[in-house]
Each structure stands twice: as structure tokens, then as C-alpha cells.
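For the sequence shown, UniProt numbering begins at 1 and goes up steadily by one.
Backbone N, C-alpha and C fix where the C-beta goes; we use that ideal spot for every residue, glycine too.
Reading through the C-alpha cells given below for one structure.
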Amino acid sequence: MSNGNESCMFGDRDDFLACLCHTFEEWSGLGPLEDYLSYLEYLAWVFTPLVVVFILPFLIVIFLYLSILFLHVYKHKNQLREAYSNNLWDGARKTLATLWDGHGFIWHGYEIHGMEKIPDEGAALIVYYHGAIPIDYYYFLAKVLIQKGRIVHSVADYFLFKVPGFKLLLEVFSVIHGPQEECVKALKSGHLLGISPGGVREALLSDETYPLVWGKRKGFAQVAIDSKVPIIPMFTQNVREGFRSLGGLSFFRWSYEKFRVPMAPVYGGFPVKFRTYLGNPIPYDHNISAAELAEKTQQAVQALIDRHQIIPGNVLRALLERFHSTAGVKTNKYPFE
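Structure representation (C-alpha cells):
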């Protein structure tokens, strides 16, 4: 080894580096270093797309935290105004709604069909299908605020209230944990209220075949009956092609059932076409039971899925829909279907 090192001390710079590499190869017993570098380059080429699809969902989390940071800055800049106005957060809501609406338009070409079914005033319960990440619902909230000037109160899972930093964002956008009494109170006050009966369970366990994972939940129906308000069904086309969850795997399913914390990885962030469809309102009927109304609502959401979503979902097709309009009735016109 010493003879090799001594020989490396003579000659030009390129010969010196080549000699060092050769000496390292002999000392480590790894063989030609170029082969290993080529292999590492190949691995990087293979796994980069996989890494990217798991990183993109974190960009949504970053966007949420940037929204929270904006709210904190806004709050501190308007502390004096807070003492004289009940509408401190109006400007902040509209600013964030504009930003989220722009994100939806650029990244997903987001559209809403049936906005006229959202009342300009008065209460209604909006029941929707829950994607792996309900980003379509965020876009929907932004659209309603911009076009209707109305805040849609929302019901969220308890774990969201434990996420560090989320408290202010949830308060500003009127998100509640979901006790029936609070839901009824919001509706009787004339507000719009959005809820997904499937919730986190549907986010984790549903897949590209779009099954509704509601179980026997009927609390939302009882809320509508007690509040005497209509139910508006809602579904977003291709929401499962934008983001997908590994929650269907046995380990992640077990961990959620055991700890009630969604730990399943979410991947995607693909810029697929999103279209939100609002169905005809289901009017209040004092003669119907909560179980019957829940079943009727589930059928209405399922009808939207059957009409507007090709099953199983396909990411490539959903991407092509950014350029080929299929608004309205679903179609299998793409050659790879």
C-alpha cells in the first residue's frame, strides 16, 4: 500500500486523482468505483419519482402553515381594529380564499357545477365524499366565500384540533369538532355547514373505486332533522386521483382502529382535473327518520359518484381531462381504458 501511495505522489493532477481512486479500490476491495457510482445514479433515477409523490402532499401542509402564519401576522397588525369591529377576520378570510382558489385553478383546473344550489341566505347541510386529503373541500370553501360571500362552517375530526398551530386557522374558518348540539346551533343560526359522514375512516379506507365508508352513521341526518334544513349532496370528480392513501393496508388500518390517529402515508399531489358536483337538495321532511334520511343522502352522494366518476379511477386519464373536457356525464373515450 505504501508503494502505491508513494507512486501517487509523482505525476500530474489527473494522474494523482486516478491513482488515489485505484488505491482506494484496492484497499476497500469494492472493485471499480465507476461501477458503484453508475449503480447509485441508476437507483437515484429509479426512486426519484417515488420520493416526489410522497413529498408533494407535504406541500399542502406547508401551504396550510403559511396560511396560519398569515393569520397570525394579520391578527397582530389589526389588534386595535379588533376592539372596534366584529369583522376583524373578513379581510384575512377573503385573502386566503383568493390564494386557495388560485391554487385550485392553477394546479387542478378546479370547477364547481351546481353552485346555484347553495342558498344565498339561510341554512343548509352539505354532505360530501372525503378524499385522502380533502383539498377539494378547501377549494369549495374558497369558491363559496368568493362567489356567495358566505362562510361554510365545517365539522372536522378531533385529531385536527390537536395538530400544532392549527387552532387559529380552525377558529377563523368556523371549524367545529362536531357534537350534534354545536351543529344544530350553527344551522339554526342560519349558517351553511359541511360534513363528511365517512370522515377520516373514508379518507384512509376508501380507494380508486370510490366506496362510501359511512357505516351506520346517522348523526348528521338527525342534525338536519332537528335543524329543519335541507341536505345538499356533494362529490368531487377525480379527488382520489389527486391524492391516494395507503390506509387500506392491514397495518395502517389496525393502527387507526387502535389509536384513532391517521398514520397512513398519503402520496400523490398530481395536477389532475377536479370538478365538484352539487346534487339537488334533499328537503326537510318531518315524517322521515334519521336512518331513512341517512340512507337517502348516501344514495344521493352515490348517484353523483356513479354519474360523474369512471371507476376505477385512473391518474393518467384524470390528467388528460385537464385538456379534454368531460364535464357532465362520465365517459370511457380514452384509448388506454
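Checking the sheet assignment: what are the DSSP bridge partners for residue i?
i	result
Ala124	Leu192
His113	Tyr277
Val152	Leu192
Pro233	Val127
Ile176	Val155
Taking the C-alpha atoms as reference points, what is the distance between residue i and residue j?
i	j	result
Pro271	Ala318	9 Å
Ala221	Leu293	6 Å
Arg150	Phe161	23 Å
Ile311	Thr209	5 Å
Lys94	Leu145	7 Å
Gln299	Lys77	48 Å
Pro197	Val172	23 Å
Val152	Thr297	19 Å
Ala224	Val163	29 Å
Arg322	Leu316	10 Å
Ala97	His324	27 Å
Leu320	Phe63	26 Å
Ser2	Phe58	Residue placement at Ser2 cannot be trusted, given a pLDDT of 48 that sits under 50; the coordinates are not used to answer.
Gly215	Val73	42 Å
Ala124	Lys117	10 Å
residue 338	Asp136	No answer is possible for residue 338: the residues shown for the chain start at 1 and end at 337.
Ser206	Arg260	16 Å
His103	Ile231	28 Å
Trp89	Lys148	17 Å
Pro179	Phe159	14 Å
Phe105	Leu141	14 Å
Leu249	Lys258	14 Å
Asn87	Trp107	31 Å
Glu295	Phe251	31 Å
Glu181	Ile282	21 Å
Asp120	Arg253	41 Å
Asn287	Leu192	23 Å
Arg240	Gly269	10 Å
Arg307	Leu170	33 Å
Under 6 Å Cβ to Cβ from residue i, same chain only, skipping five residues before and after it: list those, please.
i	result
Ser154	Val175 and Gly194
Ser227	Val184, Leu187 and Lys188
Val61	none
Gly279	Pro233, Ala300 and Leu304
Arg217	Pro197
Ile112	Lys143 and Thr276
Ala92	Leu71 and Tyr74
Ser245	Ala132, Leu204, Ala264 and Val266
Pro134	none
Could you name the residues of the same chain whose beta carbon sits closer than 7 Å to that of residue i, not counting the 5 residues immediately before and after it, in chain order?
i	result
Ala83	Residue confidence for Ala83 is low, a pLDDT of 46 falling below 50, so the modelled location carries little weight and cannot support an answer.
Asp157	Gly199 and Val200
Val301	Val127, Tyr129, Leu212, Pro233 and Phe235
Ala290	Lys218, Ala221, Gln222 and Ile225
Rounded to whole angstroms, how far is the Cβ of residue i from the Cβ of residue j, which I believe are closer than 8 Å?
i	j	result
Phe243	Gly131	6 Å
Gly190	Gly122	6 Å
Val229	Tyr267	Contact doesn't hold; Cβ gap of about 37 Å is too wide.
Leu168	Ile55	Going by Cβ atoms, the distance from Leu168 to Ile55 rounds to 26 Å, so no, they are not a contact pair.
Trp100	Tyr65	In fact, because the Cβ distance is near 14 Å, the residues do not count as touching under 8 Å.
Residues in the same chain with beta-carbon distance under 8 Å from residue i, minus the five sequence neighbours each way, listed in chain order, please.
i	result
Asn238	Val272, Lys273, Phe274, Arg275, Gln309, Gly313, Ala318 and Glu321
Tyr256	Val200, Arg201, Leu204, Gly247, Pro262, Met263 and Ala264
*What beta strand (DSSP E) runs, 3 residues minimum, are completely inside the stretch 236–322?*
Those beta strand (DSSP E) runs which fall completely within the stretch 236–322 and span 3+ residues are 243–245, 266–268 and 275–278.
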